[in-house]
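Novice: Quick one: the structure is below, and I'll ask about it shortly.
2 protein chains.
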Amino acid sequence: MKKNDPDNLKRPPAEPFRPGCKVWLEKGETNFGDGLYYLLLNVHDYGSIAQAAKRMGMSYRAAWGKIKRAEKSWGVLLVETQVGGDLGGGATLTPEGNKLVKCFGEFREKVERVCQETFDECFGNGP
Amino acid sequence: MKKNDPDNLKRPPAEPFRPGCKVWLEKGETNFGDGLYYLLLNVHDYGSIAQAAKRMGMSYRAAWGKIKRAEKSWGVLLVETQVGGDLGGGATLTPEGNKLVKCFGEFREKVERVCQETFDECFGNGP
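Right, dumping it as C-alpha cells:
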C-alpha cells in the first residue's frame, strides 16, 4: 500500500461514529445544566450543601453561590436550610427544587435515549 | 411587599424555561459538530472552500485545516478539489462527505424536535 495513495483514506474506518448529546434549560441569564442538576441531586441524596459540594469536588462557597445565583435569576427557591444552618441542620430541596431535578432527570434521559435511537436510524449503514 | 421576604422568591416566574440541545458525533480525536457541519454544507452550496470559509468568517487556511484534520482523523475523504485547485476550479463534497452532511442534518433536526417535544411532556405544568 503506497503511503500517499488517497485510496488509503477510503478504507472503511476502524471505529464508527458515536453520537454525543447535551441538554440544558435556559431562563434569564442562568442556564440549568448538568452542573446544577448533579449539585441539587446530591443535596437531595446527602441532605447537605456541604456534603453535596464535597462529592463534586467543589468548595461549599462555590456550591452555595451556584444555587443562590440560580434562585435569584429564576425567582424560585430551590434549597431550604434547616435550623442551625446548612452546616448544622442540613439542607433539603424545596418542592420546586425537587420537581426541577426530577423533570430535568427525565428530560435528559429521554433525549439521550432518543439521540442514540435517531443516530442509529440516520446512520444505519455508517456514514 | 417586603424586600427580604423569601415569599417574594416564590412568585410565578415571569419567563418559562426553554430547552437547549446540542448534538455531535465522536470518533477518534476529532468531533463532528455544528462547525464542521456548516463548513461542509457551505462547501456543498458554494462549490468552494474559499467561499465557504468567507461565509463563516473563517480564513481559507483555518477552513482547509479543519477539513483536513477531520479527514485524517477519520480516514475518510470529505472534500475533493477540482483541476486548478480549490481557488481555481472549486471544491465539491465526496459521496462520503455528502452522506455525512445529509445524515448529520437529519439527525440534528430530529433530536432538536424531540428535545422540544420531550421538554413539553416532562415540564408540561412548568417546573
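Note that the protein sequences, when read in sequence, are chains L and E.
Counted from 1, the first sequence has number 2 at position 2 by this note's numbering; the numbering is strictly sequential.
Start counting at 1 in the second sequence, then tack on 1000, and there's your number in this note's numbering.
No residue lacks a Cβ here, since even glycine has one placed at the ideal position from N, Cα and C.
1) What three-state label does DSSP hand E/F1179 in the structure shown?
2) Where DSSP assigns a beta bridge to L/T81, which residues make up the other side?
3) Could you check what DSSP says for L/F32 in three-state terms: helix, strand or coil?
4) For L/L25 and L/V101, which I take to be in contact (beta-carbon distance under 8 Å), what is that distance rounded to the nearest angstrom?
5) Got a sec: which bits of the stretch 1111–1122 of chain E sit with their beta carbon under 7 Å from any beta carbon on chain L, in order along the chain?
6) Excluding the 5 residues flanking L/E29 on each side, which residues of the same chain have their C-beta closer than 6 Å to its C-beta?
7) Which chain E residues are close to L/P19, counting only those with a beta carbon under 9 Å from its beta carbon?
8) Are L/G65 and E/N1031 closer than 8 Å when you measure CB to CB?
9) Please state the DSSP three-state secondary structure of L/V23.
10) Could you tell me the alpha carbon to alpha carbon distance between L/E117 and E/F1107, rounded to whole angstroms?
11) Quick one, which of L/D34, L/Y46, L/G97, L/E15 has its alpha-carbon nearest L/G75's?
12) I'd like to know whether the C-beta atoms of E/A1130 and E/S1059 end up nearer to each other than 8 Å.
13) When the distance is taken between beta carbons, is L/A62 closer than 8 Å to L/V79?
Specialist: Let me spell this out:
1) The first residue shown for chain E is 1001 and the last is 1127, placing residue 1179 of chain E beyond what the model contains.
2) L/A91
3) strand
4) Between L/V101 and L/L25 the Cβ distance is about 12 Å, and since that is not below 8 Å, they are no contact.
5) V1111, V1114, C1115, T1118, F1119, C1122
6) S73
7) V1023, W1024, L1025, E1026, F1107, V1111
8) no
9) strand
10) 10 Å
11) L/G97
12) There is no way to answer for residue 1130 of chain E, as the model of chain E reaches only from 1001 to 1127.
13) no
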